[in-house]
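Some notes on the structure that comes next.
There are 2 protein chains.
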Amino acid sequence: MINDINIWLERLTSLYNSQVRHAANTEGIRPVHAEILQYLSICNRYSNTAQALSEYLGQTKGSISQSVQLLEKDGLIERRQCSEDKRVTRLFLTPKAQAIAERIGKVLMPNLGEAKEANNALKSLLMDWQLTNQHKGFGQCQTCRYNSLLSDGTFQCGLTGESLSSDEVKLLCREHEFQVRS
Amino acid sequence: MINDINIWLERLTSLYNSQVRHAANTEGIRPVHAEILQYLSICNRYSNTAQALSEYLGQTKGSISQSVQLLEKDGLIERRQCSEDKRVTRLFLTPKAQAIAERIGKVLMPNLGEAKEANNALKSLLMDWQLTNQHKGFGQCQTCRYNSLLSDGTFQCGLTGESLSSDEVKLLCREHEFQVRS
DNA sequence: GAATATAGTTTAGAGTCTAAACTATATTTA
DNA sequence: TAAATATAGTTTAGACTCTAAACTATATTC
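So the sequences go chain by chain: Z and R. Its first residue numbered 8, the first sequence is counted upward by one per residue in the working numbering. Its first residue numbered 8, the second sequence is counted upward by one per residue in the working numbering.
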């Protein structure tokens, strides 16, 4: 009845959440603020909005809106209206917040090894889960079906047509879609 | 700089939290209440206390205490003082709560496959992480250094001396310790 | 140009969270 | 064995979070 793999996942998650709480405490901020800073430090330039945060964290946009206001008041986030779509406000970490995010990252992203099998296992777990739940989005461009490697060594996003550096394709994108499996 | 495996873990976790929130919403309860019911449905008989919940979820015992009170008021949890140690109150799910936990489990514990590699990958990830953070506890007895298989096919816990069924060794224990690697 | 969709804000009210002080029981130490 | 300390849990006050729903503003579709 109880599937071992799900128990590992359950525990891994509760441990992760525990660490977020602890790291936030150390920095003197709320856990949800730590999550927001963490997300903004690993998302790409298409994905740094309140709407994306709401989708990523699974909270209502009202809640995100309030948290972002507090973070702005504390000098951790800077908001800039998007010139192409004036409904959109893009969020940026201030240097102070970047330093915090980096310290939090050290706690949340310890060197867990580069093991190929673990990497593949987590990836296929995530694919399965996102597919069965019709959850779309949020993955690194380098694993996205719309990403292609150009002959000059740079990458290109098939959705926006823009070119991406090798650093950029490691960031999280809200438009991300896995390759459909045959 | 950004390690791929950590990004998968990060996303897996946010997705899991998202699902908890969603499942809780569907059941008309708070996310943290869902987590408490979920934990109590997979922990063993040594681990169903407020203290264990506090350690597992990484929250203060004051916070857990309040949540447990609300759950009791809603008829989802029953509290019984432990006769061996009267400081301890053991927590039990009511039938109503068991039904909820089962439905939540279906969402949080989809059939993610039994793949041996994924299983091993998650396990070693968790071991590494718990070790580097000096986090002890919370794992299935079947992977615990104190657990041994008796000749009659049952199991025995080396800490309590009690014997455990093959169902029981699949539950989470707060005293869990991995085998120390040589 | 009107209808609809999308991004984000605001509000009220219920609830969560923490630290710290507290009660009660158990264990250790002198 | 009595005193000191440790452990399990409760209570309190106050700051903060969360959601739903109504709202503004801009963009897209028909």
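Heads up, the beta-carbon is just placed ideally off N, CA and C, and yes, glycines get one too. Please read all numbers here as calculations on a predicted model, not as lab measurements.
Neighbouring residues, chain Z, relative to residue i (Cβ below 8 Å)
| i | result |
| --- | --- |
| residue 124(R) | 124, 127, 128 |
| residue 29(R) | 65 |
C-alpha gap between residue i and residue j, whole angstroms
| i | j | result |
| --- | --- | --- |
| residue 134(R) | residue 126(Z) | 16 Å |
| residue 53(R) | residue 88(R) | 13 Å |
| residue 185(Z) | residue 151(Z) | 5 Å |
| residue 40(Z) | residue 78(Z) | 7 Å |
| residue 148(R) | residue 15(Z) | 13 Å |
| residue 26(Z) | residue 114(Z) | 7 Å |
| residue 130(Z) | residue 106(R) | 31 Å |
| residue 160(R) | residue 60(R) | 31 Å |
| residue 189(Z) | residue 156(R) | Per-residue confidence for residue 189(Z) stands at a pLDDT of 49, beneath the threshold of 50, marking its modelled position as unreliable; no derived number is given. |
| residue 166(R) | residue 70(Z) | 46 Å |
| residue 162(Z) | residue 153(R) | 52 Å |
| residue 201(Z) | residue 72(Z) | No information on residue 201(Z) is available, as it lies outside the stretch 8 to 189 that chain Z covers here. |
| residue 76(Z) | residue 177(R) | 45 Å |
| residue 164(R) | residue 92(R) | 20 Å |
| residue 100(R) | residue 49(R) | 11 Å |
| residue 17(R) | residue 82(R) | 35 Å |
| residue 86(R) | residue 168(Z) | 60 Å |
When the options are compared against residue i, the one with the closest alpha-carbon
| i | options | result |
| --- | --- | --- |
| residue 144(Z) | 71(Z), 179(Z), 79(Z), 46(Z) | 179(Z) |
| residue 158(R) | 170(R), 166(R), 147(R) | 170(R) |
| residue 12(R) | 116(Z), 175(Z), 174(Z) | 116(Z) |
| residue 104(R) | 42(R), 26(R), 19(R) | 42(R) |
| residue 181(Z) | 172(Z), 69(Z), 132(Z), 64(Z) | 64(Z) |
| residue 56(Z) | 94(Z), 132(Z), 164(Z), 81(Z) | 94(Z) |
| residue 20(Z) | 139(R), 138(R), 177(R), 132(R) | 132(R) |
| residue 96(Z) | 110(Z), 102(Z), 68(Z) | 68(Z) |
| residue 80(Z) | 123(Z), 167(Z), 36(Z), 174(Z) | 36(Z) |
| residue 140(Z) | 162(R), 10(R), 22(R) | 22(R) |
| residue 58(Z) | 98(Z), 167(Z), 128(Z) | 98(Z) |
| residue 44(Z) | 160(Z), 73(Z), 112(Z) | 112(Z) |
| residue 102(R) | 32(R), 84(R), 92(R) | 84(R) |
| residue 146(Z) | 123(Z), 124(Z), 175(Z) | 175(Z) |
| residue 108(Z) | 34(Z), 74(Z), 138(Z), 154(Z) | 34(Z) |
| residue 32(Z) | 48(Z), 18(Z), 110(Z), 50(Z) | 110(Z) |
| residue 173(R) | 100(R), 51(R), 30(R) | 51(R) |
| residue 137(Z) | 183(Z), 74(Z), 168(Z) | 183(Z) |
| residue 24(Z) | 86(R), 62(R), 128(R), 74(R) | 62(R) |
Beta-carbon neighbours of residue i, restricted to chain R and to distances below 7 Å
| i | result |
| --- | --- |
| residue 116(Z) | 10, 13 |
Limits of the beta strand (DSSP E) - the one that residue i falls within
| i | result |
| --- | --- |
| residue 84(Z) | 84-88 |
| residue 140(Z) | No beta strand (DSSP E) holds residue 140(Z); DSSP gives it neither H nor E. |
| residue 186(Z) | No beta strand (DSSP E) contains residue 186(Z), which DSSP labels as neither H nor E. |
| residue 97(Z) | 96-100 |
| residue 156(Z) | 154-156 |
Residue span of the alpha helix (DSSP H) that contains residue i, given as start and end
| i | result |
| --- | --- |
| residue 61(R) | 57-64 |
| residue 32(R) | 11-34 |
| residue 76(Z) | 68-80 |
| residue 149(Z) | Careful: residue 149(Z) lies outside any alpha helix (DSSP H) and carries neither H nor E. |
| residue 39(R) | 38-49 |
Chain R contact residues for residue i, given Cβ-Cβ distances below 8 Å
| i | result |
| --- | --- |
| residue 147(Z) | 11, 14 |
| residue 20(Z) | 19, 20, 23, 24 |
| residue 137(Z) | 22 |
| residue 133(Z) | 15, 18, 19, 22 |
Proximal chain Z residues relative to residue i, where beta-carbon distance stays under 9 Å
| i | result |
| --- | --- |
| residue 74(R) | Ordered by position in chain Z, no residue passes the 9 Å Cβ test against residue 74(R), which lies about 15 Å from the chain. |
| residue 158(R) | Within 9 Å Cβ-Cβ: nothing; residue 158(R) doesn't reach chain Z, min ~24 Å. |
Check: Taking a cut of 8 Å between CB atoms, which residues from the region 56-72 of chain R lie near chain Z?
Finding: Answer set for the region 56-72 of chain R: 63, 64, 65, 66.
Next item on the list: Pull out every residue of the region 165-180 of chain Z whose Cβ sits closer than 9 Å to any Cβ of chain R, in chain order.
Entry: From the region 165-180 of chain Z, only 174, 177, 178, 179 have a Cβ closer than 9 Å to chain R.
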